[in-house]
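Numbering (the UniProt record's numbering), first residue to last: 1 to 520.
Below you can see the structure in the form of structure tokens.
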């Protein structure tokens with residue numbers, strides 16, 4: 001694809017009206033201010049783009065929609081309204097939809113079989129040109145639809161002019177977008193599973209490692225590391241479920257809804273839907289072209305997933321710090337400092353945390369875009385694509401780098417074990433002990449709180465208190481209490497479904513290995 005060398009200023013239309021107080025020079029590189037002063041603008045680097053400008057032609061091409069117009073749009077309007085600079089990414093789906101539409105038109109007798117074959121062959125040739133990087137995308141043709149259709153007319157002539165029968169760009173773009181979203185969701189689902197597998201394999205390496213569990217970022221109770229890692233797997237599974245549900249809801253075909261009211265021609269929307277592997281055609285033509293709730297739902301699902309990934313990133317960034325020292329990332333997933341030679345930073349996970357902000361922002365952009373639109377289609381909806389493309393790209397990247405990070409970290413067992421005595425992690429298990437002795441929980445809570453206060457005064461752990469010390473707090477304590485104290489004993493006392501008890505976590509790990517198809 002050829003790159004243009006035009007600067008921003010070469011695209012500024014000469015007849016554009018400007019305030020009288022400013023007199024722009026012919027070169028556009030600066031302006032004269034009142035009093036003879038001159039304001040110079042810095043040079044703008046040439047854009048790296050595959051788009052060709054219509055200014056390279058002596059005469060502008062007549063728009064495919066230009067029959068009722070006596071003059072062309074200004075360069076400013078053309079530049080402002082084009083979307084080919086980003087919606088070219090939909091070319092595969094635009095061609096796919098056009099092929100299905102042409103086949104349906106032929107089946108309904110609206111075009112001949114010969115014309116259909118010519119159209120399909122021409123579309124195949126255009127698709128190959130695009131794939132080979134030899135197709136010229138033109139901004140004066142506005143968008144992916146008009147670029148492909150105009151190129152098809154140039155290539156095969158009159159038959160191509162029949163392709164847009166019973167079709168509008170309104171239903172065409174939303175068909176392309178639904179097809180694109182369908183494939184994008186499948187890619188994200190694959191990446192989610194990859195990350196889940198990495199987490200399960202990581203958990204399998206540390207089946208007996210106890211780590212501090214936190215609430216309010218304060219030490220709370222001891223948990224097995226696999227239990228913590230599998231909590232991420234569970235969250236990712238719900239992320240996948242939301243995307244699967246979104247895919248099911250968006251998989252209905254708008255093609256044939258035309259501009260908004262359908263058509264008086266005898267088309268077969270069920271055939272088109274079937275050929276494009278949609279569940280069925282959408283029932284209401286106005287709804288088909290006007291709503292982007294499927295985009296919003298996709299962006300919302302991405303946002304929730306991004307927040308989950310951000311939380312993982314935050315935890316691993318903390319755990320990689322000297323203050324925690326619980327994990328060590330390998331050099332392959334770390335970066336250094338330009339000034340501090342000793343630094344080894346978990347930058348990938350920091351950026352996972354950071355990129356979640358743009359994913360949430362993409363959702364906010366399209367929510368705001370859609371909130372005031374009347375039925376049916378409005379050109380505002382052109383602005384849904386860049387946030388959508390950005391969200392998908394960011395989430396795919398986040399999942400990929402999280403997977404690689406999980407594959408390239410080790411947990412520092414000795415450091416973690418040496419940190420476990422601090423924080424009275426066995427206090428709640430001690431309260432359970434008292435409940436089993438018949439003490440009401442609220443009373444048990446108070447007794448254990450007083451026991452912890454005694455430890456603080458003695459600068460010791462609960463397991464280090466003598467039986468006489470415990471009995472001084474409450475006479476209910478007996479020698480069997482020591483079977484509940486210490487983090488190992490505490491973890492072994494958990495028996496409820498889904499808990500951090502060894503047997504429960506072992507079962508969770510086996511279930512996930514089976515569900516994800518991980519061989520032993």
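Quick reminder that beta carbons are idealized off the backbone N, C-alpha and C, glycines included.
When the distance is taken between beta carbons, is residue j closer than 8 Å to residue i?
{"i": "residue 257", "j": "residue 171", "result": "yes"}
{"i": "residue 255", "j": "residue 101", "result": "yes"}
{"i": "residue 376", "j": "residue 425", "result": "no"}
{"i": "residue 330", "j": "residue 245", "result": "no"}
{"i": "residue 108", "j": "residue 266", "result": "yes"}
{"i": "residue 83", "j": "residue 149", "result": "no"}
{"i": "residue 97", "j": "residue 176", "result": "yes"}
{"i": "residue 411", "j": "residue 225", "result": "yes"}
{"i": "residue 413", "j": "residue 209", "result": "yes"}
{"i": "residue 122", "j": "residue 73", "result": "no"}
{"i": "residue 391", "j": "residue 299", "result": "yes"}
{"i": "residue 403", "j": "residue 484", "result": "no"}
{"i": "residue 88", "j": "residue 137", "result": "yes"}
{"i": "residue 191", "j": "residue 400", "result": "yes"}
{"i": "residue 313", "j": "residue 350", "result": "yes"}
{"i": "residue 188", "j": "residue 152", "result": "no"}
{"i": "residue 239", "j": "residue 288", "result": "no"}
{"i": "residue 431", "j": "residue 444", "result": "yes"}
{"i": "residue 516", "j": "residue 277", "result": "no"}
{"i": "residue 474", "j": "residue 447", "result": "yes"}
Any idea what DSSP makes of residue i, helix, strand or coil?
{"i": "residue 370", "result": "helix"}
{"i": "residue 348", "result": "helix"}
{"i": "residue 122", "result": "helix"}
{"i": "residue 109", "result": "coil"}
{"i": "residue 265", "result": "coil"}
{"i": "residue 477", "result": "coil"}
{"i": "residue 178", "result": "helix"}
{"i": "residue 222", "result": "strand"}
{"i": "residue 159", "result": "helix"}
{"i": "residue 387", "result": "helix"}
{"i": "residue 214", "result": "strand"}
{"i": "residue 25", "result": "Residue placement at residue 25 cannot be trusted, given a pLDDT of 39 that sits under 50; the coordinates are not used to answer."}
{"i": "residue 54", "result": "Confidence in residue 54 is poor, its pLDDT being 44 and thus under 50, which makes the residue's placement too unreliable to answer from."}
{"i": "residue 411", "result": "strand"}
{"i": "residue 460", "result": "coil"}
{"i": "residue 253", "result": "strand"}
{"i": "residue 138", "result": "strand"}
{"i": "residue 495", "result": "coil"}
{"i": "residue 500", "result": "coil"}
{"i": "residue 428", "result": "helix"}
{"i": "residue 335", "result": "strand"}
Starting from the Cα of residue i, find the closest Cα among the options and give me that residue.
{"i": "residue 438", "options": "405, 476, 467", "result": "476"}
{"i": "residue 196", "options": "237, 105, 221, 204", "result": "237"}
{"i": "residue 505", "options": "382, 229, 281", "result": "229"}
{"i": "residue 201", "options": "215, 174, 233, 219", "result": "233"}
{"i": "residue 394", "options": "155, 306, 96", "result": "306"}
{"i": "residue 76", "options": "400, 140, 374", "result": "140"}
{"i": "residue 472", "options": "450, 456, 422, 463", "result": "450"}
{"i": "residue 308", "options": "352, 323, 203", "result": "352"}
{"i": "residue 534", "options": "159, 204, 134", "result": "Missing from the structure shown is residue 534; the chain here goes from 1 to 520 and no further."}
{"i": "residue 206", "options": "81, 223, 191", "result": "223"}
{"i": "residue 294", "options": "124, 313, 252", "result": "252"}
{"i": "residue 274", "options": "235, 104, 433, 434", "result": "104"}
{"i": "residue 406", "options": "322, 276, 386, 332", "result": "332"}
{"i": "residue 219", "options": "480, 388, 427", "result": "427"}
{"i": "residue 279", "options": "456, 178, 348, 474", "result": "178"}
{"i": "residue 461", "options": "444, 441, 482, 478", "result": "482"}
{"i": "residue 480", "options": "496, 463, 169", "result": "463"}
{"i": "residue 478", "options": "487, 466, 321", "result": "466"}
{"i": "residue 380", "options": "369, 388, 387, 386", "result": "369"}
{"i": "residue 354", "options": "311, 296, 221", "result": "311"}
{"i": "residue 167", "options": "118, 285, 134", "result": "285"}
{"i": "residue 385", "options": "133, 247, 292, 518", "result": "292"}
{"i": "residue 85", "options": "446, 389, 316", "result": "389"}
{"i": "residue 360", "options": "441, 297, 319, 324", "result": "297"}
{"i": "residue 344", "options": "322, 365, 357, 358", "result": "322"}
{"i": "residue 486", "options": "423, 119, 95", "result": "423"}
Would you mind giving the Cβ-Cβ distance between residue i and residue j, rounded to the nearest angstrom? I have them listed as a contact below 8 Å.
{"i": "residue 367", "j": "residue 303", "result": "With 8 Å as the limit, residue 367 and residue 303 do not qualify as a contact, their Cβ atoms being about 10 Å apart."}
{"i": "residue 111", "j": "residue 162", "result": "5 Å"}
{"i": "residue 106", "j": "residue 92", "result": "About 22 Å separates the two Cβ atoms, so there is no contact after all."}
{"i": "residue 500", "j": "residue 227", "result": "4 Å"}
Is residue i near the ligand NAD, judged by its Cβ being under 7 Å from some heavy atom?
{"i": "residue 370", "result": "The ligand NAD is not among the ligands present in this structure, which contains no ligands whatsoever."}
Worksheet item: Three or more C-beta pairs closer than 8 Å, one from the region 327-342 and one from the region 208-221: is that the case here?
Response: The region 327-342 vs the region 208-221: no contact.
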